[in-house]
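Peer 1: A single structure is presented below for examination.
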Amino acid sequence: GDSVTQMEGPVTLSEEACLTINCTYTATGYPSLFWYVQYPGEGLQLLLKATKADDKGSNKGFEATYRKETTSFHLEKGSVQVSDSAVYFCALSAQGSNYKLTFGKGTLLTVNP
Amino acid sequence: GAGVSQSPSNKVTEKGKDVELRCDPISGHTALYWYRQSLGQGLEFLIYFQGNSAPDKSGLPSDRFSAERTGGSVSTLTIQRTQQEDSAVYLCASSSIAGGGTDTQYFGPGTRLTVL
Chain U
6 GDSVTQMEGP
16 VTLSEEACLT
26 INCTYTATGY
36 PSLFWYVQYP
46 GEGLQLLLKA
56 TKADDKGSNK
66 GFEATYRKET
76 TSFHLEKGSV
86 QVSDSAVYFC
96 ALSAQGSNYK
106 LTFGKGTLLT
116 VNP
Chain S
6 GAGVSQSPSN
16 KVTEKGKDVE
26 LRCDPISGHT
36 ALYWYRQSLG
46 QGLEFLIYFQ
56 GNSAPDKSGL
66 PSDRFSAERT
76 GGSVSTLTIQ
86 RTQQEDSAVY
96 LCASSSIAGG
106 GTDTQYFGPG
116 TRLTVL
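From first to last, the protein sequence lines are chains U and S. When the letters of the first sequence are read in order and numbered with my numbering, they come out as residues 6 to 118. When the letters of the second sequence are read in order and numbered with my numbering, they come out as residues 6 to 121.
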């Protein structure tokens, strides 16, 4: 079945540091790929998405590129802020699975001033 | 506009009791999903509704779990004879066009269920 593997945290960075959170997936067909974010005390929010190979999703300074050859969708940001502290989830959805989201286990990011 | 709403926000119950969790999707969204977020299992799909089609129940963990969606809008997730392992945050999400892969699923704030 479909699965998502993302790097385990927690990840602790200083403000303005570079961030990469690795995500790889296993799926049949051509899934859509997502990064969701959960800020402390808040619900899940879509951060960015990509629906086909080589697409780049971007939002709030975060980027991720859909790499079919390596089945990856790594999340990157060049300069993190304290307000980026949250749990980040990589996810995929596929037509053959009624587009339900299959999530990775989440990565807790803490950014210190 | 209004987002996905869920009630109650918190529910504490005793083992063996039944509970009902409610989800109000975004108006006009035809697809509705239930997920569960727990420390041990992460985020798991439970059930999917799309219009008048038969629901996809493949994620329900046992026959104690059931859900319905009335009038293509509000959904209720029912857990019978609750067990301690049912303790989790139950999340509802909706999306607009047939739950297509390009359509964003919008999540509600969740219901935190604690089974004592």
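We put the beta carbon where it would ideally sit given N, CA and C, even for glycine. Every value quoted in this text rests on a predicted model; they were computed, and no experiment measured them.
If you draw a straight line from the alpha carbon of Gly83(U) to that of Cys95(U), how long is it in whole angstroms?
Peer 2: When rounded, the distance between both Cα atoms is 19 Å.
Peer 1: Give me the chain S residues within the contact set of Phe94(U), using Cβ-Cβ distance strictly less than 7 Å, ordered along the chain.
Peer 2: In chain order: Leu48.
Peer 1: By how many angstroms is the C-alpha of Gln100(U) removed from the C-alpha of Gly104(S)?
Peer 2: For Gly104(S), the pLDDT reaches just 49, beneath the cut-off of 50, and the residue's location in the model is therefore unreliable, although a value from the coordinates is still provided. Approximately 9 Å, taken between the alpha carbons.
Peer 1: Would you tell me roughly how many angstroms separate the C-alpha atoms of Ser10(S) and Ser101(S), rounded to the nearest one?
Peer 2: Distance between the alpha carbons of Ser10(S) and Ser101(S) is about 16 Å.
Peer 1: Does the segment 84-97 of chain S come into contact with the segment 110-121 of chain S, if we say contact requires no fewer than three beta-carbon pairs (one atom in each stretch) closer than 8 Å?
Peer 2: These segments touch.
Peer 1: Quick one: is Asn103(U) buried, meaning 16 or more other Cβ sit within 10 Å of its Cβ, or exposed?
Peer 2: When all chains shown are included, Asn103(U) counts as buried.
Peer 1: Between the Cα of Thr75(S) and those of Gln85(S), Glu90(S), Arg69(S) and Asn57(S), spot the shortest distance and give me the residue it belongs to.
Peer 2: When only C-alpha atoms are compared, the closest one is Asn57(S).
Peer 1: Can you tell me whether Glu47(U) is buried or exposed? The criterion is at least 16 other CB atoms within 10 Å of its CB, across all chains shown.
Peer 2: Its Cβ having fewer than 16 others within 10 Å, Glu47(U) is exposed.
Peer 1: Evaluate Asp93(U) with the Cβ neighbour count: other Cβ atoms within 10 Å of its Cβ, from every protein chain shown; 16 or more gives buried, anything less gives exposed.
Peer 2: The displayed chain sequence assigns Tyr, not Asp, to residue 93(U). Classification of Tyr93(U): buried, given that the 10 Å Cβ count is 16 or more.
Peer 1: Would you kindly report the start and end of the unbroken beta strand (DSSP E) that includes Lys54(U)?
Peer 2: Leu49 to Ala55 is the extent of the beta strand (DSSP E) around Lys54(U).
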